[in-house]
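*Asks:*
There are 2 protein chains.
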Amino acid sequence: MSLDINKVVIKTSLSSCFGSHFKEVEGANAFIEELAKDAEEVSFAQGEYVFKEKDAPEYVYIPESGSLMLERSTASGSRQVFAFLFTGNLAGLSENVSYSFSAKALTNCVVIRISRKLMQDIFDKYPSVAKRYHDMTGHILSLILDQLFIMGQKSAHQRLAHFLLDMEHRLGRGTHRFFLPMSRQDIADYLGMSLETASRGFSKLKKDGLISIESNYQITVTDSEKLISYAD
Amino acid sequence: MSLDINKVVIKTSLSSCFGSHFKEVEGANAFIEELAKDAEEVSFAQGEYVFKEKDAPEYVYIPESGSLMLERSTASGSRQVFAFLFTGNLAGLSENVSYSFSAKALTNCVVIRISRKLMQDIFDKYPSVAKRYHDMTGHILSLILDQLFIMGQKSAHQRLAHFLLDMEHRLGRGTHRFFLPMSRQDIADYLGMSLETASRGFSKLKKDGLISIESNYQITVTDSEKLISYAD
DNA sequence: CGAGCCCTTGATGCATTTCAACGAATGTGG
DNA sequence: CCACATTCGTTGAAATGCATCAAGGGCTCG
Numbered sequence: 001m002s003l004d005i006n007k008v009v010i011k012t013s014l015s016s017c018f019g020s021h022f023k024e025v026e027g028a029n030a031f032i033e034e035l036a037k038d039a040e041e042v043s044f045a046q047g048e049y050v051f052k053e054k055d056a057p058e059y060v061y062i063p064e065s066g067s068l069m070l071e072r073s074t075a076s077g078s079r080q081v082f083a084f085l086f087t088g089n090l091a092g093l094s095e096n097v098s099y100s101f102s103a104k105a106l107t108n109c110v111v112i113r114i115s116r117k118l119m120q121d122i123f124d125k126y127p128s129v130a131k132r133y134h135d136m137t138g139h140i141l142s143l144i145l146d147q148l149f150i151m152g153q154k155s156a157h158q159r160l161a162h163f164l165l166d167m168e169h170r171l172g173r174g175t176h177r178f179f180l181p182m183s184r185q186d187i188a189d190y191l192g193m194s195l196e197t198a199s200r201g202f203s204k205l206k207k208d209g210l211i212s213i214e215s216n217y218q219i220t221v222t223d224s225e226k227l228i229s230y231a232d
Numbered sequence: 001m002s003l004d005i006n007k008v009v010i011k012t013s014l015s016s017c018f019g020s021h022f023k024e025v026e027g028a029n030a031f032i033e034e035l036a037k038d039a040e041e042v043s044f045a046q047g048e049y050v051f052k053e054k055d056a057p058e059y060v061y062i063p064e065s066g067s068l069m070l071e072r073s074t075a076s077g078s079r080q081v082f083a084f085l086f087t088g089n090l091a092g093l094s095e096n097v098s099y100s101f102s103a104k105a106l107t108n109c110v111v112i113r114i115s116r117k118l119m120q121d122i123f124d125k126y127p128s129v130a131k132r133y134h135d136m137t138g139h140i141l142s143l144i145l146d147q148l149f150i151m152g153q154k155s156a157h158q159r160l161a162h163f164l165l166d167m168e169h170r171l172g173r174g175t176h177r178f179f180l181p182m183s184r185q186d187i188a189d190y191l192g193m194s195l196e197t198a199s200r201g202f203s204k205l206k207k208d209g210l211i212s213i214e215s216n217y218q219i220t221v222t223d224s225e226k227l228i229s230y231a232d
């Protein structure tokens, strides 16, 4: 039940999650001290579930290394992927009765686990922290609206192009090259298309010279402008 | 700059928005007093915009009578409808820099307009009210996730069936009969399909005896069970 | 080297879009 | 009050994008 808040990966994850100027927020330091006492690092192997739908939402989670996927499955076996989470993203923020989705480890990963009770106690003491957290919720809401917009508007190949630009931005660390931690099936379930359509999309973008595929998961965007205009 | 909080429609709208037990929340009464002083009723004619994308998000809005539609349009003229709002729903809750969508009046309507500054002041004074508001945001987030799920999973006709069940629930006031305030085009843009596909969906559901169409906008669900299993 | 897994590619069929015409309801001006 | 225009919804036919079914290829691991 303790967290080494001096570890670089943890500092990085927290500041990426709560924002770079979080330390200036009143109560931020107290919050971090509480994390040091009560939060934990937890490891998950690839394919394990960090939490499942219907679990009581006792914690929120911040990936420190590795990737997660938020998904909801139906009785009939089909699945919708809601989001992919990387270092410093936040999972499980706003459900009350139970989670409405599961979080699955895409890779071996380490997550920071924070109890909701701790969050709530800090919110009660430090409204500024609560406000920041609420802003984060609003930001996530707007990201989901963007996703909804894309799902409603674009053709399958356009959605894929859009997805790749998002991944380039989030995984590329300033370069055009990135490693996808998820399978074609995961991508397809995220974008609401079949595995085959996703695969054909990759092939087409490659053939048209917009991306290159070093290996199945290693992608480079070779023509950002065209990819952007294709995704438009 | 004042609101008659004793008017029945206003009481109804507020309690439907903030929840029936809101009065028991610490600070709820103070909040309502502030509304009485600073909030306003504003009227809009059918087709007018309550707010537009890129407006500074100065207010939040609660429809008191009539219906709103939240939409985002592209330069190329296409449009995604994010939600339909009726009495007691909430619009504009969580954007920071600007709204990421516009709110259009589907009918002549009256909305309660509350300044964000007032909300923030109350939140600072009464964390319980802030908490309730945050819970509402979380609830909306889960509604949008449901919508995203539906968009990713279902066929066009299934999405339409799902939509009609939602409208029955929200507009039917306990009966199976309801009046749709939006056009076929609006429905199509909400569900990510063409106007014609939406229309064919209505026709099919009617032919199969799951709904009856008294007029273009007056719908009765005649076989709930079948409609539910069709939407599943 | 073979097994298993994931990805790719091809062929086919179906769902949905697009294009086009028609019909119903509403409003307007002669 | 009736012709006419306008708007919105329905329906049909053709075209197309995507899913599905099916086979094959490449990679990894034992």
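Quick note, the sequences are listed as chains L and G, same order. Start counting the first sequence at 1; every next residue gets the next number (our numbering). Start counting the second sequence at 1; every next residue gets the next number (our numbering). The beta-carbon is built from N, C-alpha and C at its ideal position, and this holds for glycine as well. Please read these numbers as outputs of a predicted model, since none were measured by experiment.
1) For the region 90 to 102 of chain G, list every residue whose C-beta sits within 8 Å of some C-beta in chain L, in sequence order.
2) Could you tell me the distance, in whole angstroms, from the CA atom of A39(G) to the CA atom of G138(L)?
3) Which of helix, strand or coil does DSSP assign to F265(G)?
4) So, for S67(L): in the same chain, excluding its five sequence neighbours on each side, which residues have a beta-carbon less than 6 Å away from its beta-carbon?
5) For G138(L), would you say it is in contact with chain G, using Cβ-to-Cβ distances shorter than 7 Å as the test?
6) Would you kindly report the start and end of the unbroken beta strand (DSSP E) that includes M69(G)?
7) What is the residue span of the beta strand (DSSP E) that Q46(L) lies within?
8) Could you tell me which residues DSSP pairs with R177(G) in its beta bridges?
9) Could you name the residues of chain G that F123(L) contacts, counting a contact when the two beta carbons are closer than 9 Å?
10) Put Y61(G) into one of helix, strand or coil per three-state DSSP.
11) Short of 8 Å Cβ to Cβ, which residues in the region 59 to 73 of chain L face chain G?
12) Who are the neighbours of M151(L) on chain G, taking C-beta pairs under 8 Å?
13) I believe K104(G) touches G47(G) by the beta-carbon criterion, under 8 Å. Please report the beta-carbon distance rounded to the nearest angstrom.
14) Should L143(G) be labelled buried (16 or more other beta-carbon atoms within 10 Å of its own) or exposed?
15) So, do the region 2 to 21 of chain L and the region 45 to 60 of chain L have three or more beta carbon pairs nearer to each other than 8 Å?
16) E33(L): buried (16+ other C-beta within 10 angstroms of its C-beta) or exposed?
17) According to DSSP, F84(L) sits in a beta bridge with which residue or residues?
18) Suppose you measure from the CA of K206(L) to the CA of Y217(L); what does that come to, to the nearest Å?
19) Measuring only between beta-carbons, confirm whether L195(L) sits less than 7 Å from chain G.
20) Apart from the five residues on each side of it in sequence, which residues of its chain come closer than 6 Å, Cβ to Cβ, to F82(L)?
21) Could you spell out where the alpha helix (DSSP H) holding I144(L) opens and where it closes?
22) Could you name the residues of the same chain whose beta carbon sits closer than 7 Å to that of E26(L), not counting the 5 residues immediately before and after it, in chain order?
23) Exposed or buried, what is V60(L) when buried is set at 16 or more other beta-carbons lying within 10 Å of its beta-carbon?
24) Should the region 217 to 226 of chain G be regarded as contacting the region 158 to 177 of chain G, the criterion being three or more beta carbon pairs within less than 8 Å?
25) S20(G) versus chain L: which residues are under 8 Å apart at the beta carbon?
26) Between L141(L) and chain G, is there a C-beta pair that is closer than 7 Å?
27) Taking 6 Å as the limit between beta carbons, can you name the residues of its chain near V42(G), skipping five residues before and five after?
28) Can you list the residues of chain L that Q80(G) reaches, using a CB-CB cut of under 8 Å?
29) Evaluate G152(L) with the Cβ neighbour count: other Cβ atoms within 10 Å of its Cβ, from every protein chain shown; 16 or more gives buried, anything less gives exposed.
30) Just verifying my parser: in three-state terms, what is the DSSP assignment at S215(G)?
31) Against I219(L), what residues of chain G qualify as contacts under a CB-to-CB distance less than 7 Å, listed in chain order?
32) Consider the Cβ of I144(G): report whether some Cβ of chain L lies at a distance smaller than 7 Å.
33) What did DSSP end up calling E168(G) once you bin it into helix, strand or coil?
34) Which residue's Cα is closest to the Cα of Y230(L): G19(L), L210(L) and R79(L)?
35) Quick check: what's the CA-CA separation for V9(G) versus E64(G)?
36) On the DSSP bridge list, what partners appear for I228(L)?
*Replies:* Short version:
1) From the region 90 to 102 of chain G, only L93, S94, E95, N96, S100 and F101 have a Cβ closer than 8 Å to chain L.
2) Roughly 23 Å separates the two Cα atoms.
3) Any property of residue 265(G) remains undetermined from this structure, which presents chain G solely from 1 to 232.
4) Only F86, L106, T107 and P181 meet the Cβ criterion.
5) Yes, contact with chain G.
6) Unbroken beta strand (DSSP E) run through M69(G): L68 to S73.
7) Careful: Q46(L) lies outside any beta strand (DSSP E) and carries neither H nor E.
8) Answer is T220(G).
9) Neighbours of F123(L) in chain G, taken as residues whose beta carbon is under 9 Å from its own, are P127, A130, K131 and H134 in chain order.
10) Strand.
11) From the region 59 to 73 of chain L, only R72 have a Cβ closer than 8 Å to chain G.
12) One finds L148, M151, G152 and G192 in chain G with Cβ atoms closer than 8 Å to the Cβ of M151(L), taken in chain order.
13) About 7 Å separates the beta carbon of K104(G) from that of G47(G), a gap short enough to meet the 8 Å contact definition.
14) When all chains shown are included, L143(G) counts as exposed.
15) Counting Cβ pairs under 8 Å, fewer than three are found: no touch.
16) Exposed, because fewer than 16 other Cβ atoms sit within 10 Å of the Cβ of E33(L).
17) According to DSSP, F84(L) bridges with M69(L).
18) When rounded, the separation of the alpha-carbon atoms in K206(L) and Y217(L) is 13 Å.
19) At a cut-off of 7 Å between C-beta atoms, L195(L) does not count as an interface residue with respect to chain G.
20) Around F82(L): L70 and F101.
21) Per DSSP, the continuous alpha helix (DSSP H) segment holding I144(L) begins and ends at P127 to Q153.
22) Correct list, in chain order: Y126 and S128.
23) Buried, by the Cβ-count rule.
24) These segments touch.
25) What S20(G) touches in chain L: nothing, since even the nearest Cβ is about 16 Å away.
26) Yes - at least one Cβ of chain G is within 7 Å of the one on L141(L).
27) Counting only Cβ-Cβ distances below 6 Å, and skipping sequence neighbours, we find V111 and R113.
28) Ordered by position in chain L, the residues that pass the 8 Å Cβ test against Q80(G) are L148, F149, G152 and Q153.
29) In summary, G152(L) is buried, with 16 or more beta-carbon neighbours lying within 10 Å of its beta-carbon over all protein chains present.
30) DSSP places S215(G) in strand when its eight states are reduced to three.
31) Proximity of chain G to I219(L) at the Cβ level (cut-off 7 Å) is not reached, the minimal Cβ distance being about 23 Å.
32) Output row for I144(G): interface = yes.
33) Of the three classes helix, strand and coil, the one that applies to E168(G) here is helix, per DSSP.
34) If we check each option's Cα against that of Y230(L), L210(L) comes out closest.
35) For V9(G) and E64(G), the distance between alpha carbons rounds to 6 Å.
36) According to DSSP, I228(L) bridges with nothing at all.
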